[in-house]
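Student:
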């Protein structure tokens, strides 16, 4: 399953967040394939695309950083998957 992970933090935790990221490189735990991660310039905001077979590791990873960040995690599908779904729906009509 694919997930879009957005995070944001308040300026007062920026230094702590930077230190933890430098120590850990933000590496995900086992069970998460990090497909990409991007950081917004000039803010403590970012987005990652992750793939998991089960939700537990993703929930655990968010919890490990929850003292510094707020997360918005949404399930996602690919263009190919959307195309299949739309084609199936079109055939039903």
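Numbering (UniProt numbering), first residue to last: 1 to 93. We put the CB at the ideal spot given by N, CA and C, even for glycine.
Give me the Cα-Cα distance between residue 69 and residue 10, rounded to the nearest whole angstrom.
Tutor: Residue mapping note: residue 69 aligns to position 69 of the chain shown, counting from 1. Residue mapping note: residue 10 aligns to position 10 of the chain shown, counting from 1. About 8 Å.
Student: List the residues that DSSP assigns as beta-bridge partners of residue 89.
Tutor: Start at 1 with the first residue of the chain shown, and residue 89 comes out as number 89. Partner(s): none; residue 89 has no beta bridge.
Student: Looking only at its chain, what residues have a beta carbon closer than 7 Å to the beta carbon of residue 35, apart from the 5 residues adjacent to it on each side?
Tutor: As a position in the chain shown, residue 35 is number 35, starting the count at 1. Cβ neighbours of residue 35 beyond the five flanking positions: 49, 50, 51.
Student: Please report the residue range of the alpha helix (DSSP H) in which residue 95 lies.
Tutor: No statement about residue 95 is possible, as the shown extent of the chain runs from 1 to 93 and does not include it.
Student: Tell me the rounded alpha-carbon separation between residue 66 and residue 21.
Tutor: Here the question's residue 66 lines up with position 66 in the chain shown. Here the question's residue 21 lines up with position 21 in the chain shown. Answer to the nearest angstrom: the Cα atoms are 13 Å apart.
Student: Name the residue from 15, 18, 32 whose alpha carbon lies nearest to the alpha carbon of residue 2.
Tutor: Residue 2 sits at position 2 when you count from the first residue of the chain shown. The shortest Cα separation from residue 2 among 15, 18, 32 belongs to 32.
Student: Does DSSP classify residue 42 as helix, strand or coil?
Tutor: Taking the first residue of the chain shown as 1, we reach residue 42 at position 42. Residue state, collapsed to three classes: coil.
Student: Whose C-beta lies closer than 6 Å to the C-beta of residue 28 among residues of the same chain, with five residues either side of it excluded?
Tutor: Locating residue 28 in the chain shown gives position 28, where the first residue counts as 1. The answer, listed in chain order, is 34, 61.
Student: Applying the 10 Å Cβ sphere with the 16-neighbour rule, what's the burial state of residue 82?
Tutor: Locating residue 82 in the chain shown gives position 82, where the first residue counts as 1. Its Cβ having fewer than 16 others within 10 Å, residue 82 is exposed.
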